[in-house]
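Take 801 as the starting number for the sequence shown in this note's numbering and just add one per residue.
What follows is a set of notes on a single structure, which appears directly below.
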Amino acid sequence: MTEKEEKWLAALIIVRDVLNEFHLGYFLDTGTLLGAFRDKKFISWDNDIDIGVLGEVSSEMMKKISKSFYKNKFDVTTTQRSISLIKKSENVEIGIKFYYLEGNYYRGSLAKVDRYAFLYSICLYLSNGVIFKKGNSLKFFVASRVVSLFAFVRYLVPTLFLNFLLKKTGYIEKQIYIPKELLEVGKTKILLYSEYFSIPNEAKNYLCFRYDKDWCIPKPNYDYITDDCSLNK
């Protein structure tokens, strides 16, 4: 294993164990699932680890989960739809996406901030979107304290101005709907390096749904916000 793979695997083990501790139905998702299933390793050009979680989770439970990640030395940003985990010193970033059941589909979202990440953090507070934000690194700690001040003035900020700020960040968000049968979990695990992790029971069909039938062909220039096939279904 490369140094990157060792650090990523160590971080992924921690996340798996925390999610299991809270009895959440997690699974390796998108690029991380693709690498594990196709290559038996992380994709070399990938820049983060993708985890999916099924079902509604209360704000209080999200806070408890987030505190556990924080205690494990992650910088944590939590909203109702996702948890972002960062260990900057080890170049590890993990995105945990929550999928909510609506009829026969799980609804998720794809989001991308093109620029001005600090401004986007302010927008999250102004929109009351932050459940938990706390970091171990000094830079993250200071930044989170500064942007949290905007929570106190959010009621004074017009929606039009908030939308203007979001536009400045190049923020894009798209909804996706995954057939329920493709995201059944709990029966299937995959060996990634020396550890087992949960994956969708219909992992191959799920990969086809997200990456099309040629999912087995590596695509270094893949952009999830435009190329994810679930956007067209």
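Glycine included, C-beta positions come from ideal geometry on N, C-alpha and C.
DSSP beta-bridge partners of residue i
{"i": "D1012", "result": "Answer by DSSP bridge pairing: none, since D1012 is not bridged."}
{"i": "E973", "result": "A911"}
{"i": "F932", "result": "T878"}
{"i": "D850", "result": "G895"}
{"i": "F997", "result": "I990"}
{"i": "E902", "result": "Y905"}
{"i": "I886", "result": "D875 and E893"}
{"i": "P1020", "result": "Paired residue(s): none; P1020 is not in a bridge."}
{"i": "P958", "result": "Answer is none; P958 lacks a bridge partner."}
{"i": "I978", "result": "Y906"}
Rounded Cβ spacing between residue i and residue j (contact assumed at less than 8 angstroms)
{"i": "F997", "j": "C1029", "result": "In fact, because the Cβ distance is near 23 angstroms, the residues do not count as touching under 8 angstroms."}
{"i": "F822", "j": "T832", "result": "No, F822 and T832 are not in contact; Cβ-Cβ is about 20 angstroms, not under 8 angstroms."}
{"i": "L919", "j": "I1025", "result": "About 19 angstroms; that fails the 8 angstroms criterion."}
{"i": "V815", "j": "I865", "result": "Not really, about 10 angstroms apart at Cβ, beyond 8 angstroms."}
Per-residue burial, residue i [other beta carbons within 10 Å of its own, 16 or more giving buried]
{"i": "G935", "result": "buried"}
{"i": "W845", "result": "exposed"}
{"i": "D850", "result": "buried"}
{"i": "T879", "result": "buried"}
{"i": "K933", "result": "buried"}
{"i": "K887", "result": "buried"}
{"i": "S859", "result": "exposed"}
{"i": "D1023", "result": "exposed"}
{"i": "G903", "result": "exposed"}
{"i": "T959", "result": "exposed"}
{"i": "V857", "result": "buried"}
{"i": "A810", "result": "exposed"}
{"i": "T802", "result": "exposed"}
Cut-off 6 angstroms between Cβ atoms - residues of its own chain near residue i, not counting five sequence neighbours on either side
{"i": "Y977", "result": "Y905 and R907"}
{"i": "L824", "result": "V853"}
{"i": "N1001", "result": "E984, K987 and T988"}
{"i": "F940", "result": "D875"}
{"i": "F827", "result": "G852, V985, S998, I999 and P1000"}
{"i": "A836", "result": "L828, I990 and L992"}
Close Cβ partners of residue i (< 7 angstroms) along its chain, the five nearest in sequence each way excluded
{"i": "I813", "result": "E995"}
{"i": "W808", "result": "F842, I849 and V892"}
{"i": "L1031", "result": "K974 and I976"}
8 angstroms Cβ shell around residue i - same chain, five flanking residues per side excluded
{"i": "R1037", "result": "Outside the displayed span of the chain (801 to 1033) sits residue 1037, for which this structure offers no information."}
{"i": "A917", "result": "T969"}
{"i": "N1005", "result": "L982"}
{"i": "I931", "result": "S859, M862, K863, S866, T878, T879 and Q880"}
Exercise. In the region 812–841, which residue ranges form an unbroken beta strand (DSSP E) of at least 3 residues, counting only runs that do not cross its ends?
Worked result: Runs of the beta strand (DSSP E) inside the region 812–841: 826–828.
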